[in-house]
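Let me begin by presenting the structure, written as structure tokens, before commenting on it.
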Amino acid sequence: MLYREALNKALDEVMQADDTVVTLGEDVGLYGGSFRVTEGLVEKYGEKRVIDTPIAELSIVGNAVGMAIGGLRPVAEIMTGNFSLLAFDQIINHMAKLHYMSNGKIILPIVVRFPQGVSRQLAAQHSESYEQMLCAVPGLRVLSVNDVNYAYHALKYAILSDDPVVFIEHELLYNKKGEVDFTQKLNPFQARIAKEGRDITIVSYLKMVDDVMLAVPEIEKELGCSCEVIDLCSLNPVDYETLKKSIEKTSRFVMVEEDHKTGGYGGQIVSWAAEEMFYALDAPPLRLAGKDVPVPYNRTLELLSIPTPESIARDIVAWGKKNDV
Amino acid sequence: MNKLLAEEMYYLMVLGRAFEYAAKENYMQGNISGFLHLDIGQEALSVGAVKAFEKGDIFSGYREHIMAMSRGLEPKAVMAELFGKVTGVSGGKGGSMHLFEPAHFFYGGDAIVGGQLPNAVGCAYARAFLEQDEGVMAIFGDGATNGGAFFESLNIAATHKLPLLFLCENNEYAIGTNIQRTAPFREQAKKAEPYMMTYTVDGMDVEAVYEVVSEAKKQIESGHGPVFVEAFTCRYEGHSVSDANSYRSAQEMAHCKARDPIQRFKKALHEKWLCTNEEIQNIEKKAYEEVEDAVKYAEESPEPEADALFEHVFYEERENVVS
Ligand SMILES: Cc1ncc(C[n+]2csc(CCOP(=O)(O)OP(=O)(O)O)c2C)c(N)n1
């Protein structure tokens, strides 16, 4: 099954089971969604539950908040991350805070689905990642899974959860293939060990996990070592337990992410490692991230602006050689 | 209008359509990537409005190739931008959606729906503030009229009586969703009525567009505040090259194409402007050759150097900035 089909299945099942689940967003209805995640749902559940909205992101999220207050369980789709900026007031000042400000009286079972990331030559206004901003706001759970099985389970979990969840998706993951185990019980707040290893812990999330996996054979060959790859799955809260165990075993740590390096999400993970894992580390942590530039259109420049399997292998090998890995 | 201008507009329309088809073909071949929004079917609107708004600033969205060329940007430089080449309008960093040329007062290229509107308002404020004669034109789709930025812009422009022409290209679709599914009526000019003078025009008729926009331009520049023009048009292709256009019936498309702006204007050239077949063919030939040259130029142009990645993040070098 494809990643987008897994999301579609999760939505479908939850909508089938609970009449109060609705989904709203631009082109989610008749058109089937820009990335076809909501395909077939309007035919099945009708236009009252699968709502084609105007191009009005502030209202998409703001309405979802009101729907939740009114007793529905909305799943809002923001067409892509850059457009979410128009909704950030609702995401941050309303969705994230009403529960706390009301002393727990207001409960907001909302999911905001959030496709983002560098796709292919979509240029600076269509390529950005915003997990660092979302995770800087207390009151939001932020999920971002790489794996197809996790996609199914995590989205289902998110919709059933009574807290607001931002569910980040990477635009290049929708056609990823994988198996879904429908019988499994899975906690999406637990990090996933994508590959076990002994010598280096490489932490990543979303599409970068795949790029790290592509880089690993080269790294292992060049450094004569074995890499453990961790897919964070939940960016807030973070499953530090899993990271801790891994780093205690490997004593080396690399963080890989696609967003811009300055202010980027991985800074949090490296800062945690500096505070909590300092004595377990045999080398300074390495952090690979996107360059601090708006993402350019030209393909060559675009690929220079973010980590790629080649650059990840090259940079980790250079770091490994310098630090006697 | 006169015959010379009519011929020029016909040239730009034919050029525009040929350019868009060439861009599509090169997209299929992999020379162009990302999002490519074609303006085929809407040529009368893009050409007529930009020619009528001869001077002054223009802010538009991502479906802007033909507007850019009508404004005087070189087809070569526009095509090279689509190819991501260093000779492109934006050095290959912007692509199809981000064509900017301040030398021609063209601030094309916004890919955030409605995002250009507050910028156009601000620019109109600056023009009024600086007591410069020319006004500003903001071009946007019907889809953009549902967003907050649109209503905020109407309000501010009207409050300050700014020299701003709102031009709504109503092609009735925002990607795959018909405007009547997301707004209570088809005519978006209704939203502007409480704030300013509004006009509606057949966007498939280049002469009508030219006349209405010329009139509206005079009005905004006479100090009475903003004007809203809505032009009804039709795009022939999908929203972008990657959209299969499956949400419109063959019948709807046929109805659209029966109003073809180029065929219609060609007829007017014969009947009203008394152009000969030969004159018309020469114009068409020149347009096709220009597009061929543009593609060749784009193909042969070099890629940007890797260093370009870090250029233009800021205008000033940090070390040169002192208090
Ligand atoms: C703020 C924002 N939301 C969503 C999008 C995605 N998007 C791009 S074009 C488009 C449709 C716009 O329709 P319209 O304004 O009518 O212009 P047209 O494409 O018809 O020229 C949408 C939803 C976007 N670019 N920006």
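Chains as they are written, first to last, in the working numbering: chain P, 4 to 328; chain R, 2 to 324.
Quick reminder that beta carbons are idealized off the backbone N, C-alpha and C, glycines included.
Check: Counted within 10 angstroms of its Cβ, other Cβ atoms place Lys77/R as buried (16 or more) or exposed; Outcome: buried
Check: Where Ile176/R falls: helix, strand or coil (DSSP); Outcome: coil
Check: Asp318/P, enclosing alpha helix (DSSP H) - first and last residue; Outcome: Pro312 to Lys325
Check: Within 8 Å, strictly: CB atoms of Tyr200/R and Asn156/R; Outcome: no
Check: Spatial neighbours of Arg302/P in its chain, beta-carbon cut-off 7 Å, leaving aside the 5 residues before and after; Outcome: Gln124
Check: Three-state secondary structure assigned by DSSP to Arg255/P; Outcome: coil
Check: Local conformation of Glu231/R per DSSP, three classes; Outcome: strand
Check: Members of the region 129-148 of chain P that neighbour chain R once the beta carbon cut-off is set at 7 Å; Outcome: His129
Check: Residue nearest to Ile81/P in terms of C-alpha spacing, selected from Tyr155/P, Ile171/P, Gln19/P and Val320/P; Outcome: Ile171/P
Check: Top-ranked residue by Cα proximity to Gly144/R, from Tyr126/R, Gly92/R and Ile113/R; Outcome: Ile113/R
Check: Residues that Asn239/P bridges to, as DSSP identifies them; Outcome: Val145/P
Check: Near ligand 1: Val114/R beta-carbon under 7 Å from a heavy atom; Outcome: yes
Check: Chain P within 8 Å of Glu304/R, Cβ atoms only; Outcome: yes
Check: Option nearest Ala175/P by Cα separation, candidates Thr245/P, Val148/P and Ser249/P; Outcome: Strictly speaking, residue 175/P in this sequence is Leu, with Ala absent from that position. When only C-alpha atoms are compared, the closest one is Val148/P.
Check: Residues in the region 45-63 of chain R having any Cβ partner in chain P nearer than 7 Å; Outcome: none
Check: Residue-chain proximity (Asn301/P, chain R), Cβ-Cβ < 8 Å; Outcome: yes
Check: Rounded distance between the beta-carbons of Gly73/P and Phe117/P, thought under 8 Å; Outcome: Wrong, their Cβ atoms sit about 23 Å apart, outside the cutoff.
Check: Gly142/R CB to nearest heavy atom of ligand 1 below 7 Å; Outcome: yes
Check: For Leu137/P and Gln87/P, the rounded distance between their alpha carbons; Outcome: The amino acid at residue 87/P is misidentified as Gln; the sequence shows Ser. So the alpha carbons of these two residues sit roughly 11 Å apart.
Check: Beta-carbon neighbours of Phe311/R, restricted to chain P and to distances below 8 Å; Outcome: Lys294 and Val296
Check: Near-chain P residues of the region 113-127 of chain R (beta-carbon distance less than 9 Å), N- to C-terminal order; Outcome: Ile113, Val114, Gly115 and Gly116
Check: Per-residue DSSP class, three states only, for Met138/R; Outcome: strand
Check: Chain R residues whose Cβ lies nearer than 9 Å to that of Asn85/P; Outcome: Ala112 and Ile113
Check: Spatial neighbours of Ile281/R in its chain, beta-carbon cut-off 7 Å, leaving aside the 5 residues before and after; Outcome: Lys267 and Leu270
Check: Cβ-Cβ distance between Met205/R and Cys169/R below 8 Å; Outcome: no
Check: Boundaries (first-last residue) of the alpha helix (DSSP H) holding His156/P; Outcome: Val151 to Leu163
Check: Within 8 Å, strictly: CB atoms of Leu289/P and Ile315/P; Outcome: no
Check: Cα-Cα separation between Ser154/R and Pro119/R, rounded to whole angstroms; Outcome: 6 Å
Check: Supposed contact pair Phe106/R and Gly57/R - C-beta distance, whole angstroms, cut 8 Å; Outcome: 7 Å
Check: Heavy atom of ligand 1 within 7 Å of Ala175/R beta-carbon; Outcome: yes
Check: Residues that Gly95/R contacts on chain P, provided the C-beta gap is smaller than 7 Å; Outcome: Ala126 and Tyr300
Check: CB contact flag (Ala218/P, Pro312/P, <8 Å); Outcome: yes
Check: Exposure label - Asn246/R; buried when at least 16 CB within 10 Å; Outcome: exposed
Check: Residue of Tyr155/P, Val31/P and His97/P minimising C-alpha distance to Leu10/P; Outcome: Tyr155/P
Check: Under 8 Å by beta carbon: chain R residues contacting Asp55/P; Outcome: Thr178, Arg182 and Thr183
Check: Buried versus exposed call for Val314/R [16 or more other C-beta atoms within 10 Å across all chains shown]; Outcome: exposed
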